[in-house]
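Trainee: Okay, handing you the structure first.
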Amino acid sequence: MKINENGYLVTKVNMASLEPMEYLGQEIGKEANKVYTVYRKEEELFNDETIKSFEGKPITLTHPEDIVNASNWKDEAIGHIQNVRREGKFLVADAYINDEIAISIIKNHGIKEVSLGYESKLVEEGGKIYQTNIKGNHLAVVSEGRAGKECKLNDKKNNERIKLMNKFKELLLKLKDSEPENEENKEIVKTLEEALAENEALKAENERLKAEIQELKKKDETTTVADEETVSVEESQDDEVKRLKAENEELKKLVEELKAKIKELEDEKDLTSAVTDAKTYFSKVKISDSKNARSVYTAVLVDSGFEMDDLKKLSDSEIRAMYLGLKANAVTKDNALRNYNSLFDSKPQKLDLNKKFGGKK
397 MKINENGYLV TKVNMASLEP MEYLGQEIGK EANKVYTVYR KEEELFNDET
447 IKSFEGKPIT LTHPEDIVNA SNWKDEAIGH IQNVRREGKF LVADAYINDE
497 IAISIIKNHG IKEVSLGYES KLVEEGGKIY QTNIKGNHLA VVSEGRAGKE
547 CKLNDKKNNE RIKLMNKFKE LLLKLKDSEP ENEENKEIVK TLEEALAENE
597 ALKAENERLK AEIQELKKKD ETTTVADEET VSVEESQDDE VKRLKAENEE
647 LKKLVEELKA KIKELEDEKD LTSAVTDAKT YFSKVKISDS KNARSVYTAV
697 LVDSGFEMDD LKKLSDSEIR AMYLGLKANA VTKDNALRNY NSLFDSKPQK
747 LDLNKKFGGK K
């Protein structure tokens, strides 16, 4: 990168390559929160029409909410690209950044990756998704570009959001394909919370940049033009903060959904285990209507003489402990003791929990 005689930042930029990219389903009209790999063919990215469509297009600081056109160009543009061409595996251009504040942010904060803004048609071939009919609109300078570190003004880091979504995808698959052991599920929740913390760090970094822009605004209030440029950049950064906050809320929602799913899997596993155990040791007790492990244990305890009203006052752990106590007293797996009582037409006596566990009599 260099600064020319007019104070403009001038540099060559790798804008795109043939490397596959990852998109969330909602970005490309597919299933939400699922990550899709999208490919570009050489003849699509490097054909004359695609190259011409990017010639002279504006550079923006982060992606605007809409396409850049005559009505919003003044608010969004910080420079332009020219001499668009192919160099090896890259679509390359010369970037001219004219906005003083944007130049300061790029130089001082390492925001140097780029992301193309364009329209394209997605087609599926052989189980893969391809971009076709690519029409350029702008080139955004961003903190993390989807195309990766090679597409940059000057390299920094990869797309953290895609990394997070990939991590979530892997964990979701793990939940579906593996036995939902408690300790493993706790580890999964821990990992998700760590990923969420990473996203919070990204948001904090963006807030820091916003504060820096506020300082730059104070310094550049000497002219109306400088004021207008600062407001434009500030609004752009506000949009980025809003986007990150919305993204963070989505991640929090996903963590809660995963926690709920883990709880559901744990409850289902506990119920299956409890039913199997109760059928083995207390085969005459009706447990077919049980909705969870507690209701299985409660049915056995009531059948053994405990009062339902007393049992309702106990925690799940206490109910399970009492059940295990009954189980320990079972003579054999086919309920020999219970069968013995049945032969003599005996009924279980009602038990008083206070007396049973040493309370007041």
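Each residue of the sequence shown is one higher than the one before, starting from 397 at the first, in the numbering used here.
We put the beta carbon where it would ideally sit given N, CA and C, even for glycine.
Sorted by chain position, which residues of the same chain lie with C-beta nearer than 8 Å to S669's C-beta, five sequence neighbours on each side aside?
Mentor: If we look at S669 and ignore the five residues flanking it on each side, its Cβ neighbours are A689.
Trainee: So what does D490 bridge to, in DSSP terms?
Mentor: Paired residue(s): K408 and Q478.
Trainee: Mind checking which residues open and close the alpha helix (DSSP H) that includes M704?
Mentor: Note, M704: alpha helix (DSSP H), M704 to L707.
Trainee: Distance, Cα to Cα, Y677 vs L661?
Mentor: If I take the Cα positions, the gap works out to 24 Å.
Trainee: So is T446 buried or exposed if we call it buried at 16+ other beta carbons inside 10 Å?
Mentor: Buried, because 16 or more other Cβ atoms sit within 10 Å of the Cβ of T446.
Trainee: Within this structure, are the beta carbons of L420 and L487 separated by less than 8 Å?
Mentor: Not in contact: L420 and L487 (Cβ atoms no closer than 8 Å).
Trainee: Using the three-state DSSP reduction, which class does I399 fall into: helix, strand or coil?
Mentor: Of the three classes helix, strand and coil, the one that applies to I399 here is strand, per DSSP.
Trainee: Could you give the first and the last residue of the continuous alpha helix (DSSP H) run that contains E439?
Mentor: Here the alpha helix (DSSP H) through E439 covers E438 to L441.
Trainee: By the 10 Å Cβ neighbour count, where 16 or more other Cβ atoms means buried, how is T456 classified, buried or exposed?
Mentor: Label assigned to T456: buried.
Trainee: Give every residue of the same chain whose Cβ lies closer than 8 Å to the Cβ of D730, excluding the five residues on either side of it in the sequence, and list them in chain order.
Mentor: Model confidence at D730 stands at a pLDDT of 42, short of 50, so the residue's coordinates are unreliable and nothing is read from them.
Trainee: By Cβ distance, which residues of its chain are closer than 7 Å to N479, with the 5 residues on each side in sequence left out?
Mentor: Result list for N479: A489 and D490, in chain order.
Trainee: For I463, name the three-state secondary structure that DSSP assigns.
Mentor: Looking at I463 - three-state DSSP - the assignment turns out to be coil, as it is neither helix nor strand.
Trainee: Run the CB neighbour count on Q422, radius 10 Å, all protein chains shown included, and call it buried at 16 or more, exposed below.
Mentor: Answer is exposed; the Cβ neighbour count stays below 16.
Trainee: Based on the DSSP output, what are the partners of A473 in its beta bridges?
Mentor: T456, per the DSSP bridge assignment.
Trainee: Please go through the same chain and pick out, in chain order, the residues whose beta-carbon is closer than 8 Å to the beta-carbon of Y526, but skip the five residues on each side of it.
Mentor: The residues are V434, Y435, R436, K437, E440, L518, V519 and E520.
Trainee: In the DSSP assignment, find the unbroken beta strand (DSSP E) run with E415 in it and report its ends.
Mentor: Counting along the chain, E415 falls outside any beta strand (DSSP E), and DSSP gives it neither H nor E.
Trainee: Return yes when the Cβ of L720 is within less than 8 Å of the Cβ of V692, no when it is not.
Mentor: No, the pair does not count as a contact, with Cβ atoms beyond the cut-off.
Trainee: Output the boundary residues of the beta strand (DSSP E) element that contains I530.
Mentor: Here the beta strand (DSSP E) through I530 covers K524 to V538.
Trainee: Determine the burial state of S684: buried for a count of at least 16 other Cβ atoms within 10 Å of its Cβ, exposed for fewer.
Mentor: Burial call: exposed.
Trainee: Leaving out five residues before and five after A536 in sequence, what residues of the same chain have Cβ atoms less than 7 Å from its Cβ?
Mentor: Cβ neighbours of A536 beyond the five flanking positions: T456, T458, H459, V510, S511 and G513.
Trainee: For K430, which of helix, strand or coil comes out of DSSP?
Mentor: Looking at K430 - three-state DSSP - the assignment turns out to be coil, as it is neither helix nor strand.
Trainee: Any idea what DSSP makes of E496, helix, strand or coil?
Mentor: E496 falls in the helix class under three-state DSSP.
Trainee: So what does L512 bridge to, in DSSP terms?
Mentor: Per DSSP, L535.
Trainee: For E652, is the classification buried or exposed, using 16 other Cβ atoms within 10 angstroms of its Cβ as the cut-off for buried?
Mentor: Exposed, since its Cβ has fewer than 16 Cβ neighbours within 10 Å.
Trainee: If you reduce the DSSP assignment to three classes, tell me which class V681 lands in.
Mentor: In this structure, V681 counts as coil in the three-state DSSP scheme.
Trainee: Which residue's Cα is closest to the Cα of N443: A498, N529, S467 and E496?
Mentor: Checking every option, the nearest Cα to that of N443 belongs to N529.
Trainee: When the Cα atoms are used, what is the spatial distance from Y404 to E427?
Mentor: Rounded to whole angstroms, Y404 to E427 spans 43 Å at the Cα level.
Trainee: Among the residues of its own chain, which have a CB less than 7 Å from the CB of K430, if the five just before and after it don't count?
Mentor: Here the set comprises G421.
Trainee: Assuming F450 and I477 form a contact by the criterion Cβ under 8 Å, report the distance between their Cβ atoms to the nearest whole angstrom.
Mentor: That pair is a contact at about 6 Å.
Trainee: Helix, strand or coil: which one does DSSP assign to E660?
Mentor: E660: helix per DSSP, three-state reduction.
Trainee: Within 7 Å: the Cβ of E423 and any heavy atom of the ligand ZN?
Mentor: For the structure depicted, the ligand ZN is absent and the ligand set is empty, with no information on it obtainable.
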